[in-house]
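All you need for our numbering is the position in the sequence shown, starting with 1, plus 10. Have a look at the structure below, then the notes.
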Amino acid sequence: MGFRVKHLKGAIATVLLSGVCAIADTLPSLAGGFTQPKNFNFTSLSYSNFDTDTFHKQEIQFYLEHGLQDNLTFIFKSPFAWSKNDDRGGDENSGFAPQETGIRWRFNRDPYWATALQANIILPLGYDADDDPSGAGNQDVGVEVSLPVSRGFQVGKQRFGYGTVEVGYRDYFGASSDELRLTGELSVDILRRFALATQFYGIYRLRESDNEDFSKIGGQMRWGANDNLTLSVGGFKNLTEFGGSFEAQIWYTFGSGKKAESETPAPPTEPKSP
């Protein structure tokens, strides 16, 4: 197994150090462990671009979480991408990137902590790997199992925050390398309806691959227009090599039924897109 141990050690150290700095007041850390209450929905429509000196990519993504039970959430993610590579004669491509669908099961009932098990299926749809200007686009069917651990906390009157760390393993049924995925996030309300968030994402190949290891760090500003609508803008810096991205998101929650009451309400789950 040609796994790059030094990159893995560095990634784990980065996540742990970020977590220690962010939760120094024993506020453990990503909203990924929380589930949507039964019959409630969290939706997101996002736009992002990614640019290096020679590679350019834009993506629009729709994301949905639906509460099947208070502790069981259905997940669906559908990205559509455009890309161009100047190093390959200006090759361009567009289409639906691999779609993801799955479930998240929260197996504890603590009002502050959320620990869950999530399983996703990855299904290639229309983004032809042979024409992918990046030169390497995982176009194999795959499954991913992840373990997110999250905590919500109160930082002041009507101000809250949450943090998460998550470890995932993705297995592709084809030539693409299996992957270890690490995620960390911290979001804190600076004002009652205004939050700042920061994230770390890392993808590490477990055997030799045309795709290189990839990691990025980023942040967003989030404004809650009302109890259902949130607007978010931010960006990411590629830590693996030169490059960065801009992103904008619209979050909307809706549903029928009664939300579970807690002193620190469960935050919505941000769709992750390494």
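Note that beta-carbon positions come from the ideal geometry of N, C-alpha and C, so glycine has one too.
Just curious, the beta strand (DSSP E) that L135 is in, first and last residue? Position 125 of the sequence shown, counted from the start, is the residue given in the question as residue 135. For L135, no beta strand (DSSP E) run applies, since DSSP gives it neither H nor E.
Do G162 and F170 come within 8 Å of each other at the CB atom, strictly closer than that value? Your numbering for residue 170 matches position 160 in the sequence shown. Your numbering for residue 162 matches position 152 in the sequence shown. It is a contact, given that the beta carbons lie within the stated cut-off.
Return no unless some Cβ of chain C is closer than 8 Å to the Cβ of K167. In the structure shown, chain C cannot be found, because there is only a single protein chain.
If you drop the 5 nearest sequence neighbours on each side, which residues of the same chain put their C-beta closer than 8 Å to that of L206? By 1-based counting over the sequence shown, the position of residue 206 is 196. These residues qualify, in order along the chain: S197, V198, I200, G229, Q230, M231 and R232.
With DSSP as the reference, label G228 as helix, strand or coil. Here the question's residue 228 lines up with position 218 in the sequence shown. Strand, per DSSP.
V243 to Q68 span [Cα, whole Å]: Here residue 243 corresponds to residue number 233 of the sequence shown, with the count starting at 1. Here residue 68 corresponds to residue number 58 of the sequence shown, with the count starting at 1. Cα to Cα, V243 sits roughly 15 Å from Q68.
For E257, the first and last residue of its enclosing beta strand (DSSP E): Your numbering for residue 257 matches position 247 in the sequence shown. In the DSSP assignment, E257 falls within the unbroken beta strand (DSSP E) covering G254 to G265.
Within 10 angstroms of its Cβ, does P134 collect 16 or more other Cβ (buried), or is it exposed? Residue numbering aside, residue 134 sits at position 124 when the sequence shown is read from its first letter. With a threshold of 16 other beta carbon atoms within 10 Å, P134 meets it and is buried.
Assign C31 to one of three DSSP states: helix, strand, or coil. Locating residue 31 in the sequence shown gives position 21, counting from the first residue. Model confidence at C31 stands at a pLDDT of 31, short of 50, so the residue's coordinates are unreliable and nothing is read from them.
Could you work out which residue in I70, S186, V159 and T111 is closest to G43 when comparing CA atoms only? Position 33 of the sequence shown, counted from the first residue, corresponds to residue 43. When each option's Cα is compared against that of G43, the closest is V159.
Residue burial classification, A45 (beta-carbon count within 10 angstroms, cutoff 16): Within the sequence shown, residue 45 is the residue found at index 35, counting from 1. The displayed chain sequence assigns Thr, not Ala, to residue 45. Buried is the call here.
Would you please state the rounded distance, in angstroms, between the beta carbons of L216 and E189? I believe it to be under 8 Å. Locating residue 216 in the sequence shown gives position 206, where the first residue counts as 1. Locating residue 189 in the sequence shown gives position 179, where the first residue counts as 1. Confirmed, about 6 Å.
Beta-carbon separation (whole angstroms), Y262 vs T53, contact threshold 8 Å: Stepping through the sequence shown from its first residue, residue 262 is reached at position 252. Stepping through the sequence shown from its first residue, residue 53 is reached at position 43. Between T53 and Y262 the Cβ distance is about 5 Å, and since that is below 8 Å, they are a contact.
If you scan the segment 173-258 from start to end, which runs of the beta strand (DSSP E) of 3 or more residues do you find wholly inside it? Assignment of beta strand (DSSP E) within the segment 173-258, counting only whole runs of 3 or more residues, yields 189-201, 204-215, 224-234 and 239-248 in chain order.
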